[in-house]
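If you read the sequence shown in the working numbering, its first letter stands for residue 716, the second for the next number, and so on.
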Amino acid sequence: MNRAPVTRFLVIANTGIYILLLLAAHYGGLDLQQVGRVFGLLPYDFLHGALWQPLTMMFMHGPPWHILFNMIALWSLGTAIEITVGSKRFLLLYLFSGLTASAFIVIFQPDIMLHTVGASGAIAGLLGAIAVFYPRSEMLIFFFPMKARTAAIVIAIGSVLLSIYDRSSGISHLGHLGGLIGGIIYTKFVLQLNFLRNDLRQSGSRFVFRRRVDPHASMEDEVRRMMEQLRQERAGQAERRPPQWKEKEPEPFNEVIRDEPQEPTVERRIYFDPVTGRFYVK
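So, in structure tokens, the structure goes:
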């Protein structure tokens, strides 16, 4: 069973539309520039009635490297976020981030005759959500490992600077900035109002925590809370044991002190997998 159906659908839809447009251009003479003007985001046309463009631009892409990079990022970030918040909330987060990216382009882009295509803004919003849910998780940004919160800050600052000094590269830095901010805002002020349940499962001696976290809490708070849940669960199991299972209380005054070496105690640690969204106690 696929745990991220919306992410998979978005990747398939974007890739399928891209291939169909290439085939139509190659065999049917379709003008891709005109398609980009109609379905990409052109601020001038949007302000004159092309209200569909902020949505359709998220399914339009330029050169092959553009869609390849976007789909890899969408699959990686989208899977983790969709598992965390659920498919419906993930889709709303994705669309809100993309629309926020479009708003930044329309409001702040100096050239209203420059059209923009791509899902980069919506994907930047997913990075913002990762930075809220898993601020200390590490990811590769341009082949450099950095924590999610740091990556979001670096991309935000870089987008501001590049939107001022790099206007000839054809990259919508304003769209990236708007999507990132939109993702952070939606995660903090919308997703946090929809409580995310914590399910505790036991499989033998292994306890698995499903990731349904409170966005307010830090990672340390989450670990502390889950360890408390584990302690309460074990306490409940001890109370349910039959009387013959009750361990004998040690008698400190009657114990014989031996100098025999004691077996080392097994240290349990809690591990978190950001892709599956689970905590593991080993």
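The beta carbon of each residue, even a glycine, is placed where N, CA and C say it ideally should be. Just so we're clear, the structure is a prediction, and the values are computed from it rather than from any experiment.
* DSSP three-state assignment for V971, whether helix, strand or coil -> The sequence position of residue 971 within the sequence shown is 256, counting from 1. Note on V971: pLDDT 46, under 50, position unreliable in the model; the coordinate value appears next. V971 falls in the coil class under three-state DSSP.
* For L906, the first and last residue of its enclosing alpha helix (DSSP H) -> Translated into the one-based positions of the sequence shown, residue 906 becomes position 191. From DSSP, L906 is part of no alpha helix (DSSP H); its letter is neither H nor E.
* beta strand (DSSP E) segment containing M773, residue limits -> Against the sequence shown, residue 773 aligns to sequence position 58. First-last for M773: undefined, no H or E at that position.
* **Complete alpha helix (DSSP H) runs within the region 723-786 (minimum length 4 residues, chain order)** => Listed in chain order, they are 747-754, 758-762 and 768-771.
* How should A834 be labelled, buried or exposed, when 16 other C-beta atoms within 10 angstroms of its C-beta is the threshold for buried? -> To locate residue 834, count along the sequence shown from 1; it is residue 119. Per the 10 Å Cβ criterion, buried.
* Have a look at the DSSP bridge pairing and note the partners of I856. => Numbered from 1 along the sequence shown, position 141 holds the residue referred to as residue 856. Note: I856 sits in a beta bridge opposite F859.
* **The alpha helix (DSSP H) enclosing L829, as first and last residue numbers** => Locating residue 829 in the sequence shown gives position 114, where the first residue counts as 1. It is not in any alpha helix (DSSP H) - L829 carries neither H nor E in the DSSP assignment.
* Same chain, Cβ closer than 6 Å to I856, five either side skipped, listed in chain order -> Translated into positions along the sequence shown, residue 856 becomes position 141. The residues A866, in chain order, have a CB closer than 6 Å to that of I856 in the same chain once the five nearest residues on each side in sequence are set aside.
* To do: Would you mind sorting L766 into buried or exposed? The rule is 16 or more other CB atoms within 10 Å of its CB.
  => Here residue 766 corresponds to residue number 51 of the sequence shown, with the count starting at 1. Exposed.
* Asked: According to the neighbour-count rule (16 or more other Cβ atoms, all chains shown, within 10 Å of its Cβ), is P769 buried or exposed?
  -> Along the sequence shown, read from residue 1 onward, the residue named residue 769 stands at position 54. Buried: at least 16 other Cβ atoms inside 10 Å.
* Asked: Are the region 824-842 and the region 778-795 touching, with three or more C-beta to C-beta distances below 8 Å?
  -> With a cut-off of 8 Å, the region 778-795 and the region 824-842 count as touching, because enough Cβ pairs lie within range.
* On the premise that A863 lies in contact with P850, defined as a C-beta separation below 8 Å, what is that separation, rounded to the nearest angstrom? -> Counted from its first residue, the sequence shown places residue 850 at position 135. Counted from its first residue, the sequence shown places residue 863 at position 148. So it is a contact: roughly 6 Å between Cβ atoms.
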